[in-house]
Amino acid sequence: METVSLDHLTAGLNDAQLEAVMTDSSPLVILAGAGSGKTRVLTRRIARRVLTGDIEPNHVLAITFTRKAAAELRTRLGGLGLPAPVQAGTFHAVAYAQLRQRWAERSITPPTILDRKVGFVARLIGGKSSTLPLDLVSEIEWAKARMISAADYPAAAERARRTPPVDLDRVAAVYARYEEEKLKRRMVDFDDLLRLATRDLHRDPGYAAARQWRYRHLFVDEFQDVNPMQFELLTAWLGERNDLCVVGDPNQAIYAWNGADASYLRDLGRIMPGSETVRLTVNYRSTPQILGLANTILTAPIDPDPAGHRTHLTLEPTKQDGVLPTLTTYPDEVAEARAIARRIRDGHGPGRVWSHQAVLVRTNAQLTVIEEALTTAGIPFRSRSGGRLLDQPEIRDALSALRRGPGGLAEKLTELDQSVASVLRAETDRASDTPGDGRPGDETSEEPEAAAHGASAARSDLSPDRAANVAELVRLGQEYLGLDPGGGSPGFEAWLASTLRADDNRADPNVVELATFHSAKGLEWPIVHIAGLESGLIPIHHADTAEAKAEERRLFYVGLTRAESVLHLSCCERRTFGAKTVRRRPSPYTEFVELALDILGRGESVMDIGSAASGRRTALKSTRGERRSRRGPQVDARDQELMDSLRLWRTNRARAADVPAFVIFNDATLAAIASNRPGSSTALLEVAGIGTVKAQRFGDEILKIVSEA
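Quick note, the working numbering runs 5 ahead of the 1-based positions in the sequence shown.
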């Protein structure tokens with residue numbers, strides 16, 4: 006392609022973007038907030054330096070965290086007319102290429118790559134569990150990412166408050182045997198590739214100098230996700246030079262649990278003196294209302310980040326005002342899921358395809374009931390959460406257990422529930438206001454001895470996340486028995502396949518995306534539904550340190566900033582875990598969400614609630630009380646969904662007629678309709694606020710909405 010001009014490269018950049026592209030400072034740290042155009046800036050900085058003769062493209066190394074991101078980087082750079090391609094790849098891909106070249110030069114037969122760690126570990130430990138090897142592999146990967154040996158693992162894991170489903174010493178023993186067996190069989194895993202590449206550079210200065218000459222200019226994307234092993238390799242590639250540019254967002258540092266260390270991004274100026282920092286805070290993705298809410302969550306005076314860990318990028322909107330985000334409380338997770346399905350269908354109109362919407366949750370287990378609701382509603386969907394419930398190994402194990410041995414399905418489900426109850430006890434205890442209120446399902450049926458046995462069995466097999474999936478299977482079993490009290494395991498499995506059916510939509514781009522916050526990172530949708538804004542989920546119940554709570558706050562922020570135009574949040578008054586139904590407390594973030602919505606609803610800006618919230622709790626509680634008094638008529642939780650549908654209908658009617666919403670009906674009339682649920686024209690005329698004219702004009706539409714509800 007013909008080389009583009011410098012004016013073309015810098016066209017359309019804002020002041021901060023232009024500075025990041027044009028500065029000659031190095032090392033350079035680009036702190037790029039969500040939706041701030043970081044990839045555009047990174048590619049144009051590389052192209053600008055090539056265009057001005059500052060660097061040669063064949064001496065550039067760009068590091069990303071996914072093959073897809075590397076491919077996008079190469080494509081964008083190709084469109085900018087570089088005279089030669091730039092090397093772009095993941096840490097592992099670049100390290101492997103380096104090692105293969107080194108082995109070839111020294112006539113060394115490459116070792117075998119171990120790409121099926123779970124099966125390898127399963128054979129090492131024996132037993133029938135399909136899930137324990139998965140959790141052990143996760144612990145081994147965490148340790149290796151942080152360069153922790155098997156001998157040092159127990160102490161390091163205890164300091165980090167790791168909670169694998171087995172004793173820390175047992176994990177260490179498996180880790181040690183895993184390393185021994187690999188060495189014996191001349192195998193390496195992907196983490197070994199980083200370690201070996203770093204070792205070669207440290208041991209052979211001549212070889213290191215050649216590599217450092219080959220790649221003289223280093224660029225790293227998503228730098229907040231770098232772990233200690235990756236940083237060690239990066240510094241080995243860099244050597245004594247300082248030609249480094251890193252891009253990252255401290256507000257999106259959400260992988261510490263997996264070994265990432267965002268301090269490299271925060272502290273690069275200290276690690277590499279002379280670094281310059283440029284902040285990209287102008288957001289091109291979301292409306293001011295969504296950004297105001299997201300900024301509120303980051304700056305709210307609750308569970309502050311550990312000292313030195315807070316680096317806020319307060320996002321500045323460029324889009325015009327949009328609709329106010331909503332926060333709705335539902336009686337339980339089934340009502341919540343059905344309401345989300347209705348909202349999705351309402352949002353699927355002219356110019357809106359299914360793929361414009363996503364449902365985001367904190368945990369995989371929450372998605373099952375939403376899949377049920379979407380399947381029933383005939384809405385196509387695809388899960389980005391790492392697999393559907395029925396595909397999970399712990400679910401396959403549980404279904405196998407339900408098929409075996411004596412006893413009916415109900416009895417076996419009770420045993421299964423007891424086996425995971427103690428693992429989830431922290432979740433249910435923290436989520437409930439009281440141990441129970443006498444309603445069916447509030448109390449577990451287990452005796453203390455059974456509970457203790459369940460704790461032992463569960464902790465030897467399942468992590469809390471996997472236990473939550475099994476508990477969701479128990480909930481589905483109880484639902485099935487409610488429909489077919491005499492049903493057995495074969496009928497239950499057939500019902501599951503039907504209820505949770507989902508076509509393989511991997512190749513179909515026009516589907517609603519279901520995702521956890523983690524798997525949604527880097528993505529965006531015009532309409533986002535966030536479910537489960539409850540204590541124990543947002544933040545997750547096991548986040549009991551300052552660092553973990555800070556990461557949970559950032560994780561919620563990531564979820565919020567996936568939305569471009571419309572954002573719906575919801576929570577439940579009750580949620581079922583296995584056979585136990587518990588009351589739910591609102592998330593500690595809820596009061597700040599309500600405060601932000603209150604301020605935004607009055608047309609005021611709310612970009613930094615931390616500095617604006619004088620008196621903190623007292624003022625916030627007072628504001629919440631005032632907000633409730635201004636809400637006008639309230640409806641029972643069971644009528645809230647109908648009220649939402651009526652409000653949406655009123656909004657559309659008002660827009661079509663170009664009149665204020667209250668001209669159609671005021672809130673008091675809608676609340677009366679939702680409470681009375683009229684089933685005929687005569688009953689509709691008995692609702693306060695509805696006369697003959699409006700009944701004739703709108704009656705059929707209202708009765709249809711009530712009937713559908």
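Where a beta carbon is used, it is the ideal one built from N, C-alpha and C, also for glycine.
Query, Result
"Going residue by residue through the segment 267-306, where are the continuous alpha helix (DSSP H) segments of at least 4 residues, counting only ones entirely within it?", "268-271, 273-276 and 293-304"
"Label Leu-488 either buried or exposed according to how many other C-beta atoms from any shown protein chain fall within 10 Å of its C-beta, with 16 as the threshold for buried.", "exposed"
"Got a sec, what are the start and stop residues for the beta strand (DSSP E) Val-358 sits in?", "Careful: Val-358 lies outside any beta strand (DSSP E) and carries neither H nor E."
"Just checking, does the segment 561-574 make contact with the segment 331-339 on the three C-beta pairs under 8 Å criterion?", "yes"
"Kindly indicate which three-state DSSP category Leu-560 falls into: helix, strand or coil?", "helix"
"According to the neighbour-count rule (16 or more other Cβ atoms, all chains shown, within 10 Å of its Cβ), is Glu-631 buried or exposed?", "Confidence at Glu-631 is low in this model, with a pLDDT of 49, below 50, so the placement of that residue should be treated as unreliable; the coordinate-derived value is given next. Per the 10 Å Cβ criterion, exposed."
"May I ask which residues mark the beginning and end of the alpha helix (DSSP H) holding Lys-43?", "43-56"
"With respect to the alpha helix (DSSP H) encompassing Leu-85, which residues constitute its N-terminal and C-terminal limits?", "Careful: Leu-85 lies outside any alpha helix (DSSP H) and carries neither H nor E."
"Within a Cβ cutoff of 6 Å, which residues of the same chain sit near Pro-411, ignoring the five residues on either side of it in sequence?", "none"
"Do His-222 and Gly-13 have their beta-carbon atoms positioned less than 9 Å apart in this structure?", "According to the sequence shown, residue 13 is His rather than Gly. Going by C-beta atoms, His-13 is not nearer than 9 Å to His-222."
"If you scan the segment 532-603 from start to end, which runs of the beta strand (DSSP E) of 3 or more residues do you find wholly inside it?", "568-577, 579-582 and 585-588"
"When the Cα atoms are used, what is the spatial distance from Ala-76 to Ser-154?", "34 Å"
"I need the DSSP call for Phe-386, collapsed to helix, strand or coil.", "strand"
"Judging by CA-CA distance, which residue of Thr-71, Leu-421, Thr-44 and Leu-87 is the nearest neighbour of Arg-54?", "Leu-87"
"Within its chain, find whatever has a CB closer than 7 Å to the CB of Glu-24; leave out the 5 residues flanking it on each side and keep chain order.", "Val-283"
"May I have the straight-line CA-CA distance separating Glu-186 from Asp-120, to the nearest angstrom?", "14 Å"
"Would Arg-559 be called buried (16 or more neighbouring beta carbons within 10 Å of its own) or exposed?", "buried"
"Compare the C-alpha of Leu-750 against each of Ala-161, Glu-184, Glu-706 and Asp-266 and name the closest.", "The structure shown has nothing for residue 750, since the chain only spans 6 to 714."
"Taking the straight line between their C-alpha atoms, what separation do you get for Leu-249 and Lys-554?", "32 Å"
"Can you give me the Cβ contacts of Ser-616 inside the same chain, cut-off strictly under 8 Å, excluding the 5 residues immediately before and after it?", "Any answer about Ser-616 is weak, because its pLDDT of 49 lies below 50 and its placement is not dependable; what the coordinates show is given next. Cβ neighbours of Ser-616 beyond the five flanking positions: Thr-304."
"DSSP puts Ala-363 in a beta bridge; with which residues?", "Glu-518 and Val-533"
"Which one or two residues does DSSP pair with Gly-1 in a beta bridge?", "The requested residue 1 is not part of the displayed model; the chain covers only 6 to 714."
"Which stretch, first to last residue, makes up the alpha helix (DSSP H) that contains Val-26?", "20-27"
"Cα separation between Glu-341 and Leu-198?", "46 Å"
"Could you please give the first and the last residue of the uninterrupted alpha helix (DSSP H) stretch that includes Thr-203?", "195-208"
"Would you tell me roughly how many angstroms separate the C-alpha atoms of Gly-356 and Leu-486, rounded to the nearest one?", "42 Å"
"Are there 16 or more other CB atoms within 10 angstroms of the CB of Pro-255, so buried, or fewer, so exposed?", "buried"
"Just tell me which of Ile-384, Gln-371, Ser-112 and Val-563 has its CA closest to the CA of Gly-352.", "Ile-384"
"For a test of the three-state rule: what should DSSP assign to Ile-68, helix, strand or coil?", "strand"
"Using a Cβ distance threshold of 8 Å, determine whether the segment 124-141 contacts the segment 277-296, with at least three qualifying pairs required.", "no"
"Quick one: give me the first and last residue of the beta strand (DSSP E) that Thr-334 is part of.", "331-335"
"In the DSSP output, what is Ile-669 paired with across the bridge?", "Answer is none; Ile-669 lacks a bridge partner."
"Suppose you measure from the CA of Asp-513 to the CA of Ala-363; what does that come to, to the nearest Å?", "15 Å"
"Taking buried to mean at least 16 other C-beta atoms within 10 Å of its own C-beta, is Thr-5 buried or exposed?", "The structure shown does not extend to residue 5, since the chain spans only 6 to 714, so no value can be given for it."
"Sorted by chain position, which residues of the same chain lie with C-beta nearer than 7 Å to Ala-361's C-beta, five sequence neighbours on each side aside?", "Here residue 361 is His; the residue named in the question, Ala, does not match the sequence. Correct list, in chain order: Trp-530, Pro-531 and Ile-532."
"Within 10 angstroms of the Cβ of Asn-515, are there 16 or more other Cβ atoms? Answer buried if so, exposed if not.", "exposed"
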